[in-house]
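Engineer: Chains as they are written, first to last, in this note's numbering: chain P, 1 to 461; chain X, 1001 to 1329. We put the beta carbon where it would ideally sit given N, CA and C, even for glycine.
(1) As a quick exercise: from X:1270, X:1288, X:1279, X:1040, pick the residue whose alpha carbon is nearest that of residue 1300 (chain X).
(2) Is there contact here, the stretch 303-322 of chain P with the stretch 4-15 of chain P, by at least three beta-carbon pairs under 8 angstroms?
(3) So what's residue 179 (chain P) in DSSP terms, helix, strand or just coil?
(4) From which residue to which residue does the beta strand (DSSP E) around residue 219 (chain P) run?
(5) Which word fits residue 1001 (chain X), buried or exposed, when buried means at least 16 other C-beta atoms lie within 10 angstroms of its C-beta?
(6) Is the separation between the beta-carbon of residue 128 (chain P) and that of residue 241 (chain P) shorter than 9 angstroms?
(7) Can you look up residue 1324 (chain X) in the DSSP assignment and give me helix, strand or coil?
(8) Assess, as a yes-or-no matter, whether the stretch 1258-1275 of chain X is touched by the stretch 1310-1319 of chain X under the definition of 3 or more beta carbon pairs within less than 8 angstroms.
(9) Among X:1079, X:1036, X:1214, X:1218, which residue has its Cα nearest to the Cα of residue 1052 (chain X)?
(10) Using a Cβ cut-off of 9 angstroms (strictly closer), state whether residue 1001 (chain X) contacts chain P.
(11) Kindly indicate if chain X contains any beta-carbon less than 9 angstroms away from that of residue 81 (chain P).
(12) State the beta-bridge partners of residue 212 (chain P) as determined by DSSP.
(13) Let me make sure I understand the geometry here. Which of P:64, P:423, P:354 has the alpha-carbon closest to that of residue 222 (chain P)?
(14) Can you check DSSP and say which residues form a bridge with residue 376 (chain P)?
(15) When you compare the CB of residue 383 (chain P) with every CB in chain X, is at least one pair closer than 9 angstroms?
(16) For residue 15 (chain P), does the three-state DSSP call read helix, strand or coil?
(17) Quick one: measure Cβ to Cβ for residue 1256 (chain X) and residue 1198 (chain X), integer angstroms, because I've assumed they're closer than 8 angstroms.
(18) For residue 318 (chain P), does the count of other Cβ atoms within 10 angstroms reach 16, so buried, or fall short, so exposed?
(19) With a threshold of 7 angstroms on Cβ separation, who are the neighbours of residue 64 (chain P) within its own chain once the five nearest residues in sequence on each side are excluded?
(20) Quick check: what's the CA-CA separation for residue 216 (chain P) versus residue 170 (chain P)?
(21) Output, in chain order, the set of chain C residues within a Cβ distance shorter than 7 angstroms of residue 66 (chain P).
(22) So which of P:118, P:298, P:376, P:184 has the shortest CA-CA distance to residue 249 (chain P)?
(23) Give the DSSP-derived three-state secondary structure of residue 1237 (chain X) in the structure shown.
(24) What's the C-alpha gap between residue 366 (chain P) and residue 252 (chain P)?
(25) How about residue 1236 (chain X) and residue 1099 (chain X): are their beta carbons less than 9 angstroms apart?
(26) What residue ranges within the stretch 427-453 of chain P form continuous beta strand (DSSP E) runs of no fewer than 3 residues, ordered along the chain?
(27) So with CB distances below 9 angstroms, who are the chain X contacts of residue 231 (chain P)?
(28) Checking the sheet assignment: what are the DSSP bridge partners for residue 128 (chain P)?
(29) For residue 243 (chain P), list the residues DSSP reports as bridge partners.
(30) For the stretch 1247-1282 of chain X, which segments carrying the beta strand (DSSP E) assignment without a break, of at least 3 residues, lie completely within its bounds, in sequence order?
(31) Along the chain, where does the alpha helix (DSSP H) containing residue 1097 (chain X) start, and where does it finish?
(32) Around the Cβ of residue 1326 (chain X), are there at least 16 other Cβ atoms within 10 angstroms (buried) or fewer (exposed)?
(33) Tell me whether the beta-carbon of residue 182 (chain P) lies closer than 9 angstroms to the beta-carbon of residue 214 (chain P).
(34) Determine the closest residue to residue 118 (chain P) out of P:134, P:66, P:226, with distance taken between C-alpha atoms.
(35) Are three or more beta carbon pairs between the stretch 298-307 of chain P and the stretch 194-212 of chain P nearer than 8 angstroms?
(36) Closer than 8 angstroms by beta-carbon distance: list the chain P residues that pair up with residue 1203 (chain X), in chain order.
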């Protein structure tokens, strides 16, 4: 007797997309996804200019966040007619259509997921020179129980709006309403947007939040004039069709013992140390201090507050976003990719230059201060060109070049050793009074004076 | 080595006035007949001057002071206003997690007035500690923070930086110092602009805390002050209240109640002898220029500063202290 064959529905449900997939992404990351789409639009609208200094000048994204509504509007050309169907389908990217443009939207999910995260309903209006359309995500369409997937597409007959896309959520979801409009969230969102799109803004793109123009945040590294002194490590390569630039160095003077002690107790300031990764001008990893960027691997020590002066930037550019090591959220790395494994090797080599320097000057950081005082700050992405101008070829990597700086070393370092020990505070004060006629001198000063005194006595014998 | 907290109050008239206004504020929030509902929590210092004032003028009997030094706590135990006042060796960073235990120490207590009185420049951890306490707030709680707002604490010369001027440099330095609490809209901080920037930082801290407390509650600024007895300081006092019921009646119309976060009361009391004070008091109904003309002396060598000092005195004269040396036989 033959088995009776039946079938069950194996497709997705509306609930999966509108209320479960949204849990995979934070609210601020969802908004960054929407800005990513604006930037992709600007790239499509200005083909051929991408390599110029300010290819995105004139393009902007405006976010208006109010008590009950959210809107993002750009002037980046709108959705081309042949992209429209993919733009509103779930999980159908238009990578092939972008050809040789360095766009980043490769999973076809960002805009929709952001809308589902933020709004109870939404309207997307796109004004393109060849197509003017509007799509409504109504309250009922967004109901997780409603499995009707059809979206009404309306032609926009008259519009004074410049070519671009406007997404408006007329009603905010209850769980994000208070969060989205709080001063605390808006402030941290502004900070995050300035950091994540700092390199796009550097190229002329403008982003406004509630009419406030954001300033780009980029990484400046210290570089001495001429040869010698402090210089960054710099590496350039082309791996497949991905252009790679790894630049690592000091962004501030060495951390001194007292600051490390304070930091052990409580945070003393903004943490900017670590390696950031930029893919097609967008930050996907910020200030990383883990194995992901090579800390604690290949002879590099694990991150420790004494390395708070070290920062770096990995820049990856490709016209084929699929070849970039980006995870689905666009804010994470695919660390197993071949491109990224080579990038991490360069990071390990670069970080080691500066951890070695830090260790060599440990305890005598003040002696190294002259190198930092005379150095100037140079933007890691646009102004540091050491590999291209003065680099040597990298064995086994055709076309790759690297500049590994020779940093100053303390003359007597090999004979210097640190002495440290713990004593009761009252006893330290007693010795401080004995030596300096007053208590309260720092323990390191008291300890050093004791040593110097005994050393002198031993020399006099 | 002399620290700010070691300087006696008679040499810090502005801090004295600031504290008097704060105590005045508490009389408008805390019920006049103490029903044991409130606990006053503060760092207190070795002399517990603020605890004494709150006990005498506001009537709060549930008093809790703390310090991370056992020596200071030993002196607090000697100076406490009542035998029931609790003095404990504790770090400020522990306060948020200790609030429930502190309240359980006092049988009828349900609300707190807490003052985090900082002097050092590690503002990031101070704002974080303050925010953690705010996240524990219930309606009626009053939380106050004092921070160092002296621009000399942003101590580096701007000429060596890439900043375009001193104001932009101050903004860069403070951003490094307070990280996520720095208002990203601020690009420059003028010479006397640090208190206003810290006020915005407190606003951001309060906004973050509001996301984690009952959605019906809000954290409103009820007193913002700035003063300098050497170092410039900034204080912010916040009241947690129900959005629907609004501020307590006693606070409505109170002259120091800020309408916005930029409404900071500048306490610049001039250094006056008793005779000078009496002389100015005779002309208090006049404007600052007319007073200066009438009294025939300037409380500050620069005319503009003298006018500001007179204006501040006019506004705050009822809080102005007169200290005398008294010999006890």
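Structural biologist: In short:
(1) Here residue 1300 (chain X) refers to the residue found at position 300 when the second chain is read from its first residue. Taking only the C-alpha atoms, the option nearest residue 1300 (chain X) is X:1270.
(2) no
(3) Residue numbering aside, residue 179 (chain P) sits at position 179 when the first chain is read from its first letter. Of the three classes helix, strand and coil, the one that applies to residue 179 (chain P) here is helix, per DSSP.
(4) One-based indexing of the first chain puts residue 219 (chain P) at position 219. No beta strand (DSSP E) holds residue 219 (chain P); DSSP gives it neither H nor E.
(5) The residue you call residue 1001 (chain X) lines up with position 1 of the second chain. Low confidence applies here, because residue 1001 (chain X) scores a pLDDT of 39, under 50, leaving its location unreliable; read the following figure in that light. Classification of residue 1001 (chain X): exposed, given that the 10 Å Cβ count is below 16.
(6) The residue you call residue 128 (chain P) lines up with position 128 of the first chain. The residue you call residue 241 (chain P) lines up with position 241 of the first chain. No, these two residues do not count as a Cβ contact at 9 angstroms.
(7) On the second chain, residue 1324 (chain X) is found 324 positions in, with the first residue counted as 1. Residue 1324 (chain X) falls in the coil class under three-state DSSP.
(8) yes
(9) Counting from one through the second chain, the residue named residue 1052 (chain X) turns up at place 52. That would be X:1079, whose Cα lies nearest to the Cα of residue 1052 (chain X).
(10) Within the second chain, residue 1001 (chain X) is the residue found at index 1, counting from 1. Confidence at residue 1001 (chain X) is low in this model, with a pLDDT of 39, below 50, so its placement is unreliable and no value can be given for it.
(11) Within the first chain, residue 81 (chain P) is the residue found at index 81, counting from 1. False, the Cβ-Cβ gap to chain X never drops below 9 angstroms.
(12) As a position in the first chain, residue 212 (chain P) is number 212, starting the count at 1. Looking at the DSSP assignment, residue 212 (chain P) forms a beta bridge with P:209.
(13) What you label residue 222 (chain P) is simply residue 222 of the first chain in a count that begins at 1. The candidate whose alpha carbon is nearest that of residue 222 (chain P) is P:354.
(14) The count along the first chain starts at 1 and reaches residue 376 (chain P) at position 376. Residue 376 (chain P) pairs with P:223.
(15) Here residue 383 (chain P) refers to the residue found at position 383 when the first chain is read from its first residue. Closer than 9 angstroms: no.
(16) The residue given as residue 15 (chain P) occupies position 15 in the first chain. If DSSP states are grouped into helix, strand and coil, residue 15 (chain P) belongs with the helices.
(17) Locating residue 1256 (chain X) in the second chain gives position 256, counting from the first residue. Locating residue 1198 (chain X) in the second chain gives position 198, counting from the first residue. Their Cβ separation, rounded to whole angstroms, is 18 angstroms, which puts residue 1256 (chain X) and residue 1198 (chain X) out of contact at 8 angstroms.
(18) Here the question's residue 318 (chain P) lines up with position 318 in the first chain. So residue 318 (chain P) counts as buried.
(19) By 1-based counting over the first chain, the position of residue 64 (chain P) is 64. Correct list, in chain order: 71, 210.
(20) One-based indexing of the first chain puts residue 216 (chain P) at position 216. One-based indexing of the first chain puts residue 170 (chain P) at position 170. The straight-line gap from Cα to Cα measures roughly 29 angstroms.
(21) Protein chains in the displayed structure are P and X, and chain C is not among them.
(22) Taking the first chain and counting its residues from 1, one reaches residue 249 (chain P) at position 249. Out of P:118, P:298, P:376, P:184, P:376 has the C-alpha closest to the C-alpha of residue 249 (chain P).
(23) Along the second chain, one-based indexing puts residue 1237 (chain X) at 237. The answer is strand: DSSP assigns residue 1237 (chain X) an E or B state.
(24) Along the first chain, read from residue 1 onward, the residue named residue 366 (chain P) stands at position 366. Along the first chain, read from residue 1 onward, the residue named residue 252 (chain P) stands at position 252. Distance between the alpha carbons of residue 366 (chain P) and residue 252 (chain P) is about 13 angstroms.
(25) Stepping through the second chain from its first residue, residue 1236 (chain X) is reached at position 236. Stepping through the second chain from its first residue, residue 1099 (chain X) is reached at position 99. Result no, Cβ atoms of residue 1236 (chain X) and residue 1099 (chain X) do not sit closer than 9 angstroms.
(26) none
(27) The sequence position of residue 231 (chain P) within the first chain is 231, counting from 1. Here the premise fails: no neighbours, minimum Cβ distance about 18 angstroms.
(28) Numbered from 1 along the first chain, position 128 holds the residue referred to as residue 128 (chain P). According to DSSP, residue 128 (chain P) bridges with P:131.
(29) As a working mapping, residue 243 (chain P) is identified with position 243 in the first chain. Partner(s): P:238, P:317.
(30) 1265-1267
(31) The residue you call residue 1097 (chain X) lines up with position 97 of the second chain. Run containing residue 1097 (chain X): 1095-1105, per the alpha helix (DSSP H) assignment.
(32) By 1-based counting over the second chain, the position of residue 1326 (chain X) is 326. The residue is exposed, with fewer than 16 neighbouring Cβ atoms inside 10 Å.
(33) Taking the first chain and counting its residues from 1, one reaches residue 182 (chain P) at position 182. Taking the first chain and counting its residues from 1, one reaches residue 214 (chain P) at position 214. No, they are not a contact pair.
(34) Residue mapping note: residue 118 (chain P) aligns to position 118 of the first chain, counting from 1. With distances taken between Cα atoms, residue 118 (chain P) lies closest to P:66.
(35) no
(36) Here residue 1203 (chain X) refers to the residue found at position 203 of the second chain. Going along chain P in sequence order, the residues near residue 1203 (chain X) (Cβ under 8 angstroms) are 183.
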